[in-house]
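All remarks here apply to the structure that follows.
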Amino acid sequence: MSDYIMDLRKIVGHRPLLQVGASVIVEDTAGRAFLQRRTDNHMWGYAGGSVELDEVVEDAARRELFEETGLQAEELELFGIFSGPDTHHIYPNGDEVSNVDIVYLCRKWSGEEIPEREEVETMGWFLPDALPEKLSPPIRKPLLTWAEKQLAGAEPVKTVEILGDNRNPEFDVIRDGCRGIVIRDGKILLSRETVTDWWLLPGGGLEPGETLAACCEREVAEETGYLVKADRRVLTLYEYYGDTRYGSHYFLCSLTGEGEQRLTEAEAERGLIPAWLPIDEAAAIFSEHRCWASVNEEKRGTYQREYTALSEILRDL
118 MSDYIMDLRK
128 IVGHRPLLQV
138 GASVIVEDTA
148 GRAFLQRRTD
158 NHMWGYAGGS
168 VELDEVVEDA
178 ARRELFEETG
188 LQAEELELFG
198 IFSGPDTHHI
208 YPNGDEVSNV
218 DIVYLCRKWS
228 GEEIPEREEV
238 ETMGWFLPDA
248 LPEKLSPPIR
258 KPLLTWAEKQ
268 LAGAEPVKTV
278 EILGDNRNPE
288 FDVIRDGCRG
298 IVIRDGKILL
308 SRETVTDWWL
318 LPGGGLEPGE
328 TLAACCEREV
338 AEETGYLVKA
348 DRRVLTLYEY
358 YGDTRYGSHY
368 FLCSLTGEGE
378 QRLTEAEAER
388 GLIPAWLPID
398 EAAAIFSEHR
408 CWASVNEEKR
418 GTYQREYTAL
428 SEILRDL
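When the letters of the sequence shown are read in order and numbered with our numbering, they come out as residues 118 to 434.
Set out below in structure tokens:
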């Protein structure tokens, strides 16, 4: 809270104040928004806060972003100005405000993600079609407006969820990755760990600066040696285990060529090789996920994920 607002509170107490705020929606190349869960109401929102007396609004936006997240905005673009009943808010301590929220969009930044622990519980990246349910009321309209613009004209992507028995609804960690569905002559491309006889749809984690499609193409090439074009994202599957939400984004891919595998040391040790299996045979392998429950919980979870995804995708083809 700004010194100016704190001084006014000493005079008016909890009564409504007109408050001018500067906020930033950080958007990465994968089209995700960087959000934070606040300590005061345990809800999600973007970085922002009150403008100080005589402070340039854009400077306030940069300051708030850095203070709350550790990120330094290199370029800011005015996204919109939001006010009215939708931005009226009563804080947990009883303070009441009518917000005028000046929201910027930031697509270029530097620095390390470091949450300001007094105000921020955790932070993470969210796609516009998978925003958190618990959005802080004052930022709901601006953030949903951003999501609508992101999704305008885009083909809807089906989303499914797997809820682990040990899940924490207030998840603290977010992981995103992409996987490729590559079909040729009735067979599907899989990755097989020969040491453990473990089958997978090829894919892996999203790296900073990557689009979802680029992540899929890179991971398929690295794991299998096959070159593909990620044509269309057809499914997003979220798994909730413990304090983590795992997001897997599945793309239908076209085969464009062949190269060489580029395995990590761990993948090489597990003997990862590409394999083409009839689609029904692949689905049958993954359908046995329950058999692994008492033997290997990680394998059970992986097979459940792949079986769920493959079933949903094939149903719509």
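The beta carbon of each residue, even a glycine, is placed where N, CA and C say it ideally should be.
Residue span of the alpha helix (DSSP H) that contains residue i, given as start and end
i	result
G418	E414 to D433
L182	V174 to T186
R126	D120 to V129
Terminal residues of the beta strand (DSSP E) in which residue i lies
i	result
Y357	Y343 to Y358
T276	K275 to L280
V143	L134 to E144
C-beta contact flag for residue i and residue j at 8 Å
i	j	result
G228	L170	no
A330	F288	no
P286	Q267	no
T419	L317	yes
V277	T425	yes
G201	G165	no
Y357	R257	no
I291	G326	no
E310	L389	yes
Y163	L193	no
L248	A271	no
Buried/exposed call for residue i, threshold 16 Cβ in 10 Å
i	result
E382	exposed
C408	exposed
E340	buried
S411	exposed
V129	exposed
L434	exposed
I231	exposed
Cβ distance (whole Å) where residue i is taken to contact residue j below 8 Å
i	j	result
Y355	R349	Between R349 and Y355 the Cβ distance is about 19 Å, and since that is not below 8 Å, they are no contact.
G321	L344	Actually they do not touch by this definition, with Cβ atoms about 16 Å apart.
P254	D218	12 Å between Cβ atoms; not a contact.
I305	A399	5 Å
(request) Output the residue ranges of the beta strand (DSSP E) runs that lie fully inside the region 372 to 421 and measure 3 residues or longer, sorted by chain position. (result) With a minimum length of 3 residues, the continuous beta strand (DSSP E) runs that stay inside the region 372 to 421 are 389 to 395.
(message) Which complete alpha helix (DSSP H) runs does the region 286 to 353 hold, if anything under 4 residues is left out?
(response) Listed in chain order, the complete alpha helix (DSSP H) runs (minimum 4 residues) inside the region 286 to 353 are 329 to 341.
(request) Output the residue ranges of the beta strand (DSSP E) runs that lie fully inside the region 201 to 269 and measure 3 residues or longer, sorted by chain position. (result) Qualifying beta strand (DSSP E) stretches, in chain order: 205 to 207, 213 to 228 and 237 to 243.
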